[in-house]
Structures are given as structure tokens and as C-alpha cells.
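**Student:** Quick one: structure below, then a few questions.
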Amino acid sequence: MKYNLAHIMRRAWGLRRTTRHSFRTCLRLAWAEAKGQKAYTFNMENARASISAYLVKLAAALVDIHQQHKYDALRAALLAPVDALGIAVLDGKTVGLCKYAVRNA
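Residue numbers (this note's numbering): 8 to 112.
Right, here's the structure in full:
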């Protein structure tokens with residue numbers, strides 16, 4: 008499939024001007040939009056400690072495949088690339104899990 012690279016770059020620069028995220032984050036969002044995927048930003052800067060604490064609690068209570076999936080998704084979120092401001096681009100389900108982990112850490 009061919010993508011309109013000029014449109015993607017214009018969209019990324021437009022996001023940069025309006026959101027003030029790093030260009031790397033805006034480019035990831037523009038590419039996800041061009042591919043028809045939903046992508047969200049999540050501020051990992053303040054949430055890393057809470058997510059790590061929740062992962063420790065979750066690792067002690069792994070009993071079914073659902074909890075194992077949550078554990079794997081949260082570990083992947085912690086390893087996701089972040090920009091200088093601590094913003095990561097994640098899918099909606101992972102963002103929801105991260106917010107849940109921050110609330111229940």
C-alpha cells in the first residue's frame with residue numbers, strides 16, 4: 008500500500024504545532040492515523056514508578072492467562088520508546104491498563 012508521505016509529514020508538523028509534543032511522537036501519531044490505527048499518548052514520566060509497583064503486585068498473583076496478558080502488556084508499555092518529555096505512543100488498550108495500574112498501585 009502506498010502512503011502520501013507529504014500528507015503524513017504535514018499532519019505531523021500540524022500536530023507538533025498544536026500539541027507541543029516532540030516531532031518523533033507527532034510522526035508516530037501521523038503514521039498511525041495514515042494506517043487507520045488508533046494511537047494515544049501517555050505520559051510515562053510520572054507513571055513509571057506506579058506501573059512498576061503494580062507489576063510487582065501482579066507478578067505475585069499470576070494465576071490465569073488474563074493476568075499474564077496484563078503483565079506482558081504493562082511490561083511492553085514500560086519498554087516503549089518515550090520522547091524527551093516522557094510521552095509514549097501506545098494503543099488504547101495499553102493506555103487503559105497503564106491508567107488502571109497507576110490508580111491501583
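Ideal Cβ positions, reconstructed from N, Cα and C, are used throughout, including at glycine.
Pair every Cβ in the segment 31-44 with every Cβ in the segment 55-65, then say whether three or more of these pairs are closer than 8 Å.
**Tutor:** No, the segment 31-44 is not in contact with the segment 55-65.
**Student:** Give the secondary structure of A84 by DSSP, where H, G and I count as helix, E and B as strand, and everything else as coil.
**Tutor:** Taking the sequence shown and counting its residues from 1, the one referred to as residue 84 is at position 77. Reduced to three states, the DSSP call for A84 is helix.
**Student:** Sorted by chain position, which residues of the same chain lie with C-beta nearer than 8 Å to L85's C-beta, five sequence neighbours on each side aside?
**Tutor:** The residue labelled residue 85 in the question sits at position 78 within the sequence shown. Cβ neighbours of L85 beyond the five flanking positions: M51, R55, I58, S59 and L62.
**Student:** By the 10 Å Cβ neighbour count, where 16 or more other Cβ atoms means buried, how is A108 classified, buried or exposed?
**Tutor:** Working through the sequence shown from its first residue, we reach residue 108 at position 101. The residue in question, A108, is buried, as its Cβ has 16 or more Cβ neighbours within 10 Å.
**Student:** Could you check what DSSP says for Y47 in three-state terms: helix, strand or coil?
**Tutor:** Indexing the sequence shown from 1 puts residue 47 at position 40. DSSP places Y47 in strand when its eight states are reduced to three.
**Student:** Would you say R31 and D90 are within 8 Å of each other, going by their C-beta atoms?
**Tutor:** Counting from 1 along the sequence shown, the entry for residue 31 is found at position 24. Counting from 1 along the sequence shown, the entry for residue 90 is found at position 83. Going by C-beta atoms, R31 is nearer than 8 Å to D90.
**Student:** On the DSSP letters alone, give me the boundaries of the alpha helix (DSSP H) that A37 sits inside.
**Tutor:** Position 30 of the sequence shown, counted from the start, is the residue given in the question as residue 37. Counting along the chain, the alpha helix (DSSP H) containing A37 begins and ends at F30 to A41.
**Student:** Between P88 and Y78, what straight-line distance do the alpha-carbon atoms span, to the nearest angstrom?
**Tutor:** As a working note, residue 88 is residue 81 in the sequence shown. As a working note, residue 78 is residue 71 in the sequence shown. Distance between the alpha carbons of P88 and Y78 is about 18 Å.
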